[in-house]
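Worksheet: the structure to be examined is printed underneath.
There are 2 protein chains.
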Amino acid sequence: MSPRNKILNEEIKDARREQILSNALKLFARRGLAATKITDISTASNISQGLLYHYYKSKEEIFVELLHDAYDKMIAAVLALERLPLSPLEKIRMAIEKLLQGFAENKETAYYYLLINQASIFEAIPDEAKEIVKSRSLLHEVITRIIIAGQKDGTFKKYDAQDMAVVFWASLNGLAIYNAVQGENFRAPDANILIGMFTEKSK
Amino acid sequence: MSPRNKILNEEIKDARREQILSNALKLFARRGLAATKITDISTASNISQGLLYHYYKSKEEIFVELLHDAYDKMIAAVLALERLPLSPLEKIRMAIEKLLQGFAENKETAYYYLLINQASIFEAIPDEAKEIVKSRSLLHEVITRIIIAGQKDGTFKKYDAQDMAVVFWASLNGLAIYNAVQGENFRAPDANILIGMFTEKSK
DNA sequence: GTCTATATCCAGATAGAC
DNA sequence: GTCTATCTGGATATAGAC
């Protein structure tokens, strides 16, 4: 094969994988790993199911790759947030607003949340997925640090910072699910409601 | 068959159904409907899988019955709460505390939440289940009423009451999931954190 | 009412042709 | 790289014996 064609093939391959991943993400999110058939993914991607095995050796492998992506993106986003030259309160506000906005604008963010939820809740997922889920604690840690900073500078309430981080993530998680359920009807609630958990005065 | 034996058989039958339901609830919650095999349920219930078909004609039927139970209990609880001779703030506080406490003490409450979540999120569930989920709006309505009352008496913040109800349910839902994931390690966060969303002063 | 054995079906995975 | 055809396994559901 000519080098020219080789490069072309690589591009096709990458494009296909992208295509498969994107379709699988939506299917996994809305049907669950177990209920999503390999033919569902291939059909949605307009390829035969035989071909799918050329790119991934099982649907579990696809699931794990997507889960990796999900965590990579979330952790990167949260770490970037932490480094911004903003006050703790502004960081929290930005996290909430960006996320709610993301839910409303593109479904992908919410789908990733649903994926992570499945991986967290369900026992019947690949061991590798279970491992990834454990890195969840990193997300908690970053938010906890921001909260502690906000308590130090006097803007945040003085409840246990770990507890506050737990409630923070649980709430956003719950909203991601609510968004997924509502679909097109989703309207992001006022971010100030959530911020009220952190600060004494809401304005 | 003697009337005596007939009654006895009825009791056995009821006991069996209870047994099956209780085991299925846990399995559905932790594995999902699709990933739960009919033999998982029969094995957990110490009966042959053939016998299970004597009581239910499919696992979907079991799922739907459990979902019915879940909503019946939640709606009953919320309506009872609304009727209590308490201030809106006290009602909200009680709802949060009772629920967090329930999560920590018996798993059943949290399992029901997980079941409802599945039914809400996943497309691949029985039509009958989809119907039941629509009654979810009733839960929102009751809480919205309580919130409006709290705004009228001046104790609650004046954000859109619907939004506040959405965030309220989403947060509790997120905490239910968090509880399920944590299992034995779950420690209920301070209820005042959540209450801070509603009131200006936290004490 | 309860079990074991069996039939049916469908999803996952492979093989081989183009 | 892509498809169609096929094999295999496992889960659902039924039948029949006790």
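Those protein sequence lines, which keep their order, are chains A and B.
If you read the first sequence in the numbering used here, its first letter stands for residue 1, the second for the next number, and so on.
If you read the second sequence in the numbering used here, its first letter stands for residue 1001, the second for the next number, and so on.
For glycine and all other residues, C-beta sits at the position ideal for the given N, C-alpha and C.
Computed from a predicted model, the values in this text were never measured in an experiment.
Taking the straight line between their C-alpha atoms, what separation do you get for residue i and residue j?
i	j	result
Lys203(A)	Lys1201(B)	With a pLDDT of 47 at Lys203(A), under the threshold of 50, the predicted position of this residue should be treated as unreliable, and no value is reported.
Glu141(A)	Met1164(B)	27 Å
Tyr112(A)	Glu1011(B)	47 Å
Lys1131(B)	Tyr1071(B)	Inspection of the sequence shows that residue 1131(B) is occupied by Glu rather than by Lys. Between Glu1131(B) and Tyr1071(B), the C-alpha separation is close to 12 Å.
Met94(A)	Leu194(A)	12 Å
Arg1145(B)	Ala1119(B)	25 Å
Lys6(A)	Lys13(A)	10 Å
Leu1025(B)	Ala1129(B)	15 Å
Ala149(A)	Ser137(A)	18 Å
Gln1101(B)	Glu1061(B)	30 Å
Asn173(A)	Val181(A)	13 Å
Leu1067(B)	Lys1134(B)	12 Å
Asp160(A)	Ala170(A)	15 Å
Arg1031(B)	Leu33(A)	10 Å
Leu114(A)	Ala176(A)	7 Å
Ser1213(B)	Ala188(A)	Any property of residue 1213(B) remains undetermined from this structure, which presents chain B solely from 1001 to 1203.
Leu139(A)	Arg1017(B)	42 Å
Ala80(A)	Asn192(A)	22 Å
Ile1121(B)	Asn1009(B)	39 Å
Lys1091(B)	Phe1028(B)	31 Å
Ile38(A)	Ile1038(B)	22 Å
Glu123(A)	Gln1151(B)	43 Å
Leu1021(B)	Tyr55(A)	41 Å
Asp1127(B)	Glu1082(B)	31 Å
Glu1257(B)	Pro85(A)	Residue 1257(B) lies beyond the stretch modelled for chain B, which goes from 1001 to 1203, so this question has no answer here.
Gln19(A)	Leu1099(B)	42 Å
Ala1044(B)	Phe63(A)	28 Å
Val78(A)	Ala1077(B)	38 Å
For residue i, which residues in chain A fall below 9 Å Cβ to Cβ?
i	result
Lys1157(B)	Asn192, Ile193, Gly196, Ser202
Ala1180(B)	Ser120, Ile121
Nearest CA to the CA of residue i: which residue from the options?
i	options	result
Ala1015(B)	Leu1027(B), Arg1030(B), Leu1052(B)	Leu1052(B)
Asn1179(B)	Glu61(A), Arg83(A), Val167(A)	Val167(A)
Ile125(A)	Ser1022(B), Ile1143(B), Thr1036(B)	Thr1036(B)
Lys157(A)	Ile38(A), Ile143(A), Gly196(A)	Gly196(A)
Asn948(B)	Ala1191(B), Lys1107(B), Phe1198(B), Phe1122(B)	Given that chain B is displayed from residue 1001 to residue 1203, the structure contains no residue 948(B) and the question cannot be resolved.
Phe198(A)	Leu79(A), Asp153(A), Ser42(A), Asp69(A)	Asp153(A)
Glu1105(B)	Asp1190(B), Ile1147(B), Asn1009(B), Gly1183(B)	Gly1183(B)
Lys73(A)	Gln19(A), Asn23(A), Ala110(A)	Ala110(A)
Leu1089(B)	Thr1043(B), Ile1116(B), Thr1155(B), Asp1069(B)	Thr1155(B)
Ile75(A)	Asn23(A), Ile147(A), Ile116(A)	Ile116(A)
Gln162(A)	Lys1059(B), Ser1048(B), Asp1190(B)	Asp1190(B)
Asn46(A)	Asn23(A), Ile143(A), Ala77(A), Lys59(A)	Asn23(A)
Mind pulling the chain B residues with CB within less than 9 Å of residue i?
i	result
Ile177(A)	Asn1117, Ser1120, Ile1121, Ala1170, Asn1173, Gly1174, Ile1177
With a cut-off of 8 Å, does the C-beta of residue i fall near any C-beta of chain A?
i	result
Met1094(B)	no
Asp1014(B)	no
Val1142(B)	no
Leu1114(B)	yes
Val1078(B)	no
Ala1161(B)	no
Val1166(B)	yes
Ala1110(B)	no
Ala1044(B)	no
Ala1124(B)	yes
Between residue i and chain B, is any beta-carbon pair separated by less than 8 Å?
i	result
Arg30(A)	yes
Ala35(A)	yes
Pro189(A)	yes
Ala149(A)	no
Output the boundary residues of the alpha helix (DSSP H) element that contains residue i.
i	result
Met94(A)	88 to 105
Arg145(A)	136 to 152
Gly1032(B)	No alpha helix (DSSP H) holds Gly1032(B); DSSP gives it neither H nor E.
Arg210(A)	An answer regarding residue 210(A) cannot be provided, because it is not within the stretch 1 to 203 covered by chain A.
Ile1195(B)	1191 to 1195
Ala188(A)	Careful: Ala188(A) lies outside any alpha helix (DSSP H) and carries neither H nor E.
Phe1168(B)	1161 to 1182
Tyr1055(B)	1049 to 1055
How would you list, in chain order, the residues of chain A whose beta-carbon sits under 8 Å from the beta-carbon of residue i?
i	result
Met1074(B)	Result: empty, since nearest Cβ-Cβ is about 15 Å, beyond 8 Å.
Sorry if obvious, but does the Cβ on residue i come closer than 7 Å to a heavy atom of the ligand SAH?
i	result
Ile20(A)	Within the structure as shown, the ligand SAH is missing, as the structure has no ligands at all.
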